[in-house]
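Encoded structure:
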């Protein structure tokens with residue numbers, strides 16, 4: 001892993017989150033850290049670089065470089081201008097032309113079931129890789145916007161800004177600073193600040209349900225959890241409804257849909273100890289009892 005020199009990054013269009021790697025001419029994606037992010041920009045930058053730079057897996061987005069530069073700038077403070085140190089940080093990733101899952105899943109594109117199932121299994125494989133590292137990584141922000149798709153619709157988990165690294169034999173930790181995406185945070189994290197691998201499993205369950213049903217999890221502003229969405233799926237997506245809705249699918253594909261709904265709902269159990277492990281999820285998707 002090498003950092004990109006700042007003079008090279010001048011050639012990248014940060015506003016478009018896309019640019020050209022001056023070394024070989026390949027297209028790269030560029031993420032410029034937000035100044036109003038929920039965590040300090042420096043902490044986000046260090047966190048994401050440290051947690052992703054060593055990752056190598058087909059279902060994890062690949063980092064190709066990074067740069068952080070501090071310059072003197074005039075900024076307005078207390079009704080006057082002063083000179084201050086301003087740090088700008090960018091992260092460079094492989095460019096994935098299909099964009100994020102949310103745009104594809106909830107846009108005009110019609111995704112067939114085989115592709116949906118492939119996306120679900122790919123996300124699960126990427127998450128298993130993260131959770132089974134010698135030093136496990138908990139992503140903490142799994143949602144459709146953080147799943148990117150390549151030309152073949154292969155999913156890649158992205159955006160590790162909020163991820164946490166677990167030490168040896170550590171299975172759970174607590175924080176007083178809860179940041180993330182409403183509707184995808186596990187209840188024990190949202191309300192008590194508890195972090196564990198099961199936090200990701202909860203978010204994964206919502207992803208599986210969204211991909212399977214094509215319905216978007218839209219939490220109300222006064223209801224930060226996904227409980228209403230989950231309850232509606234549990235009530236409406238019965239075996240009879242699935243068979244009627246997907247009448248054109250083969251029996252094998254119908255069973256895949258039913259398994260996805262079942263495992264997705266198991267993942268969003270309120271009690272984190274009742275959620276399946278990532279291995280159990282993958283076995284269920286593969287039809288292994």
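In the UniProt record's numbering, the protein residues as written are 1 to 289. The beta carbon of each residue, even a glycine, is placed where N, CA and C say it ideally should be. These figures come from a predicted structure and were not determined experimentally.
In DSSP terms, what residue i is bridged to
i	result
residue 129	Paired residues: none, contrary to the question.
residue 29	93
residue 124	Paired residues: none, contrary to the question.
residue 155	149
residue 116	DSSP, once it has assigned bridges, lists no residue as partnering residue 116.
residue 172	196
residue 83	74
residue 88	69
Within-8 Å CB hit, residue i to chain E
i	result
residue 51	Given the protein chain composition of this structure (a single chain), no chain E is represented.
First through last residue of the alpha helix (DSSP H) which encompasses residue i
i	result
residue 69	Counting along the chain, residue 69 falls outside any alpha helix (DSSP H), though it belongs to the beta strand (DSSP E) covering 63-77.
residue 181	Taken as a continuous stretch (DSSP letters only), residue 181 belongs to no alpha helix (DSSP H), as it is neither H nor E.
residue 218	Here residue 218 belongs to no alpha helix (DSSP H), and DSSP marks it neither H nor E.
residue 227	227-236
residue 251	251-267
residue 103	101-105
Nearest-angstrom Cβ-Cβ length linking residue i and residue j, presumed shorter than 8 Å
i	j	result
residue 201	residue 116	So it is not a contact: roughly 20 Å between Cβ atoms.
residue 72	residue 83	6 Å
residue 263	residue 285	7 Å
residue 101	residue 147	4 Å
residue 113	residue 267	Not confirmed; about 20 Å, so no contact.
Where residue i sits in the DSSP three-state scheme
i	result
residue 327	Past the boundaries of the shown model lies residue 327; the chain is included only from 1 to 289, so the question cannot be answered.
residue 283	helix
residue 274	helix
residue 165	strand
residue 200	helix
residue 60	strand
residue 138	strand
residue 55	coil
residue 288	coil
residue 144	helix
Nonlocal neighbours in the same chain, by C-beta distance under 6 Å from residue i, ignoring five residues either side
i	result
residue 272	188, 198
residue 95	27, 28, 29
residue 136	166
residue 186	199, 202
residue 145	100, 102
residue 143	181, 184
residue 230	268
Boundaries of the beta strand (DSSP E) in which residue i is found, first to last residue
i	result
residue 242	No beta strand (DSSP E) holds residue 242; the alpha helix (DSSP H) holding it covers 239-245.
Contacts around residue i, its chain only, beta-carbon distance under 7 Å, and the 5 residues preceding and following it disregarded
i	result
residue 194	172, 174, 188
Close beta carbons around residue i, own chain, < 8 Å, minus the five adjacent residues each side
i	result
residue 51	137, 160, 163, 165
residue 38	Note on residue 38: pLDDT 46, under 50, position unreliable in the model; no value is reported.
residue 258	239, 242
residue 270	187
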